[in-house]
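>
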Amino acid sequence: MNQLILASAEMPMLSDIVVIFGLATLVILLFMRLKIPTIIGFLFTGAIAGPYGLSLVNASTAVEVLSEVGVILLLFVIGMEFSLKSLLSIKKAVFIGGSLQVGLTIGATTLLTYSFGFDWNVAVFFGFLFALSSTAIVLKLLQEYGQVNTIPGRTTLAILIFQDVVIVPLMLFTPMLAGESDNVLLSLLYLALKGALVILLTIISAKYIIPQLLFRVTKTRNEELFLLSIILTCFAVAYVTSLLGLSLGLGAFLAGLIISESDYSHHATGKILPFREIFLSFFFVSVGMLFDITFLYEHIFIILGLTALTFLIKFLVVAVSVRAIGQGFKEAFMVAFSIFQVGEFSLLLAKEGLKYNLLDPDTYQYFLAISILTMTVTPFVLKKREDLACGLLNLPLPSRLSKRLTNESIPNITLDTKELKDHLVIIGYGLNGRNLSKAAKSANIPYSIIETNPETVKVESLNGEPIMYGDAANDTVLEHVNIHKARVAVIAISNPEATKRIIASIRHITQNPYIIVRTRYLGEMEENLKLGANEVIPEEFETSIEIFTRVLNKYLVSKHDIDDFTVEIRSHNYEMFRNLSTEANSKFKVELPDINFVSLKVEKDSGDYINIPLKDAQIRDKFGINIVAIKRKSKTIAEITANEKLKLGDTVYAVGKPEALEKFAEELEIE
């Protein structure tokens, strides 16, 4: 007993850490068996251990400090996996999409709250609270699902970045709403100057200071020194932004962007991840500790109604904001299903509201209950966000509204796969997947296709292709195509993170199929092979024909027949270039080994070659490549005019030398 008292005296929060980790271990073990996300387990742990539960934790302030460290490390890692170039490429989503989302949410919430009888200043403050979403939860889940670098993922990140920036002026406006502010306009001007200074320092550090520092550190080959320098960079930048009146989280994200511009970002990410997971768990526990289960029980119906209303308003506002920046309905719905919850910075702002008497204790508890409930359902909704978005697009709607959504409706899965066995599964129906299916059909090999582009599925299913819509990383989708009975599975998509998830999912179900993977870079080969791929074909050195050859080899087709198929496929491909001049045709035949035909996705919303007429962009003169066709939604533009423009979401079919295509890809895609 004396030893226990001594331990508590030497380190007062040690007992709290033991209680939190011990209870969390038991709760998460139970939740894992029930297939409930770990984030919910941490929230539940906080509710049990907190002051409204069993009061097992005393040092709540210390827990909040540790939780803040977790949020800092989370945003630091997100920044390292991003880049300044990537951030600039989504500036439209950050500034236009983010400002629309925040502004419209504040406006809608203010009007609704004012109609409930609250004073106008309190109504505006409620708008501030509900305008923000949970950066910590959403980005952690997007990372886990490998969806940060998808178009909806980057748009989600862009809006969250704007929210993290806008929290500062919202904090400055709060005293003014309570009638206790001096000069808010001067404070905002001062803040803008400080923000410009931070951006300038970030660019200088990313280009000149940090790369040189890390180069000298890595030359010592001392891992402890490397880790120390990375952590120092993170907390130093976060501390500087805090001194300037900006959020710690924003500073951590900027620090990650600085590291991302160096050659050491991947190694640094691996070093930081274990620390991030430990400290981030304190964040979710600290949020759970705010939850008064008794208050929830006593006002359950009111809280559930307000929670549903919150979801509806935020969903509609986010969807409208994303549509306003030119993205499709599916992407808009996916982003809306990601950031419908109330965020952790709202909890911080709510405490300011209590301080200035903008919230009374009962209203504060209502807000906390809504916040935690929306956070709790987020993992379930975000995991199914693509399915939910497709479900909305398929709803029976009035004819006028239905016409606007027709081009994005998702065909129902009608693929009959009950009799499929010893077949080929093609994952991805781009150029390689399309040619694979033609080769399989010619060889009388049974095959099925999995594709995530709803327009492609709709068109090809009408053409009689055995194609189904779905994410091939989903066990249910894989089981639907009888993956356990397939002889070969070919993954022909361009998303490296999605490719890894698909390989892992297939191997989780079965070891039967021979997995062939198409990848863009040689550096991705080793990890894919470790996950269970049998062959990895780098796009830099291989062509679609090589994939056909390997598939036919696995079906024991004779070399003579394989050669015949190859000739037939090449003849079909050459037909695509008949619109080229005779000289270009001859050159293509002679220099075939040095020419590639690829499909590129336009992932940037602005740039030197985006939203600019092709005649002004001069792509052929600058890169030495020809754009053969452009696929926009469900329409393929084969006859390209000089006034045609490349737009976000387009698939561009181009022919040229591999190195020229790689350079052009850098202008359209985000690595």
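The opening residue of the sequence shown carries number 1 in full-length UniProt numbering; numbering runs sequentially from there.
Built from N, CA and C at the ideal position, the CB exists for glycine as well.
Predicted model only: the values in this text are computed from it and were never measured.
(1) In terms of alpha-carbon separation, which member of Asn-482, Glu-524, His-508 and Met-80 lies closest to Thr-499?
(2) Among Asp-608, Gln-365 and Lys-631, which residue has its Cα nearest to the Cα of Phe-664?
(3) Closer than 7 angstroms to a non-hydrogen atom of the ligand SAH - does that hold for the CB of Asn-596?
(4) Between which two residues does the beta strand (DSSP E) carrying Met-468 extend?
(5) The beta strand (DSSP E) spanning Phe-597 covers which residue range?
(6) Between Phe-128 and Leu-170, is the Cβ-Cβ spacing less than 8 angstroms?
(7) Span of the alpha helix (DSSP H) holding Leu-349?
(8) Measure from the alpha carbon of Phe-367 to the alpha carbon of each residue in Leu-306, Cys-234, Val-94 and Arg-632, then state which is nearest.
(9) Quick one: measure Cβ to Cβ for Ile-502 and Thr-519, integer angstroms, because I've assumed they're closer than 8 angstroms.
(10) Which same chain residues end up closer than 7 angstroms to Ile-40 when comparing Cβ atoms and leaving out the 5 residues on each side of it in sequence?
(11) Identify the continuous alpha helix (DSSP H) that holds Asn-435 and give its terminal residues.
(12) Would you mind sorting Ile-28 into buried or exposed? The rule is 16 or more other CB atoms within 10 Å of its CB.
(13) Determine, using beta carbons only, whether Leu-73 and Phe-282 come nearer to each other than 8 angstroms.
(14) For Ile-612, which residues of its own chain have a beta-carbon under 7 angstroms away from its beta-carbon, when the five flanking residues on both sides are left out?
(15) Report yes if the CB atom of Gly-624 is closer than 8 angstroms to the CB atom of Ala-660, and no otherwise.
(16) Quick check on Ala-533: does DSSP put it in helix, strand or coil?
(17) Tell me the rounded alpha-carbon separation between Tyr-264 and Gln-143.
(18) Going by alpha carbons, who is nearest to Ala-473 out of Arg-487, Asn-512, Asn-495 and Val-166?
(19) Does any CB atom of chain D fall closer than 8 angstroms to the CB of Leu-436?
(20) How should Ala-47 be labelled, buried or exposed, when 16 other C-beta atoms within 10 angstroms of its C-beta is the threshold for buried?
(21) Looking at the secondary structure, which residues open and close the beta strand (DSSP E) in which Val-628 lies?
(22) Please state if the CB of Thr-220 and the CB of Ile-258 are separated by a distance shorter than 8 angstroms.
(23) In chain order, what residues of the same chain lie with their CB nearer than 7 angstroms to the CB of Glu-603, ignoring the 5 residues before and after it?
(24) Using only the alpha-carbon positions, how far apart do Leu-254 and Asn-222 sit?
(25) Per DSSP, what are the beta-bridge partners of Ser-448 in this structure?
(26) Quick one: what does DSSP say Gly-179 is sitting in, helix, strand or coil?
(27) By the 10 Å Cβ neighbour count, where 16 or more other Cβ atoms means buried, how is Tyr-469 classified, buried or exposed?
(28) With DSSP collapsed to three states, give me the class of Ala-24.
(29) Could you tell me the boundaries of the alpha helix (DSSP H) in which Lys-140 lies?
(30) Does the distance from the CB of Tyr-145 to the CB of Asp-292 come in under 8 angstroms?
(31) Tell me which residue opens and which closes the beta strand (DSSP E) that Arg-518 is part of.
(32) Would you say residue 674 and Thr-105 are within 8 angstroms of each other, going by their C-beta atoms?
(33) With distance defined between alpha-carbon atoms, name the residue in Arg-216, Phe-215, Ala-369 and Phe-95 nearest to Leu-302.
(34) Please name the residue, chosen from Asn-357, Ile-372, Val-94 and Ser-260, that lies closest to Val-287 on a Cα-to-Cα basis.
(35) From Met-576 to Thr-241, what distance separates their C-alpha atoms?
(36) Which residues bound the alpha helix (DSSP H) around Lys-383?
Inspection of the coordinates gives the following:
(1) For Thr-499, the nearest C-alpha among the options comes from Glu-524.
(2) Sorting Asp-608, Gln-365 and Lys-631 by C-alpha distance to the C-alpha of Phe-664 places Asp-608 at the top.
(3) For the structure depicted, the ligand SAH is absent and the ligand set is empty, with no information on it obtainable.
(4) Counting along the chain, the beta strand (DSSP E) containing Met-468 begins and ends at 467 to 469.
(5) That run of the beta strand (DSSP E) goes 596 to 601.
(6) Yes, the pair counts as a contact, with Cβ atoms nearer than the cut-off.
(7) Per DSSP, Leu-349 belongs to the alpha helix (DSSP H) from 344 to 355.
(8) Out of Leu-306, Cys-234, Val-94 and Arg-632, the CA that lies nearest to the CA of Phe-367 is found in Leu-306.
(9) 12 angstroms between Cβ atoms; not a contact.
(10) Result list for Ile-40: Phe-31, Thr-376 and Pro-379, in chain order.
(11) Counting along the chain, the unbroken alpha helix (DSSP H) around Asn-435 starts and ends at 431 to 442.
(12) Residue burial is scored here from C-beta neighbours: Ile-28 has at least 16 other C-beta atoms within 10 angstroms and is therefore classed as buried.
(13) Taking 8 angstroms as the Cβ cut-off, Leu-73 and Phe-282 do not qualify as a contacting pair.
(14) Close CB contacts of Ile-612 within its chain, under the 7 angstroms cut and outside five residues either way in sequence, are with Lys-645 (chain order).
(15) Yes.
(16) DSSP places Ala-533 in coil when its eight states are reduced to three.
(17) Using only the alpha carbons, I get a separation of about 19 angstroms.
(18) Cα-wise, what sits closest to Ala-473 is Asn-495.
(19) No chain D is part of this structure, which consists of one protein chain only.
(20) Here Ala-47 is buried, its C-beta having at least 16 other C-beta atoms within 10 Å.
(21) Here the beta strand (DSSP E) through Val-628 covers 626 to 632.
(22) No.
(23) Counting only Cβ-Cβ distances below 7 angstroms, and skipping sequence neighbours, we find Ile-151, Leu-668, Glu-669 and Ile-670.
(24) Spanning the two alpha carbons is a distance of roughly 25 angstroms.
(25) DSSP, once it has assigned bridges, lists Val-425 as partnering Ser-448.
(26) Reduced to three states, the DSSP call for Gly-179 is coil.
(27) Flag for Tyr-469 reads buried.
(28) Here Ala-24 sits in helix by DSSP.
(29) Per DSSP, Lys-140 belongs to the alpha helix (DSSP H) from 135 to 144.
(30) Between Tyr-145 and Asp-292, the gap from beta carbon to beta carbon reaches 8 angstroms or more.
(31) Here the beta strand (DSSP E) through Arg-518 covers 514 to 519.
(32) Outside the shown range of the chain, which is 1 to 671, sits residue 674, and nothing can be said about it.
(33) It is worth fixing the name first, because residue 302 is Ile in this sequence and not Leu. When each option's Cα is compared against that of Ile-302, the closest is Ala-369.
(34) If we check each option's Cα against that of Val-287, Ile-372 comes out closest.
(35) Annotation note: pLDDT 31 at Met-576 (below 50); position unreliable, coordinate value reported separately. Roughly 55 angstroms between the two C-alpha positions.
(36) Segment 361 to 383, the alpha helix (DSSP H) holding Lys-383.
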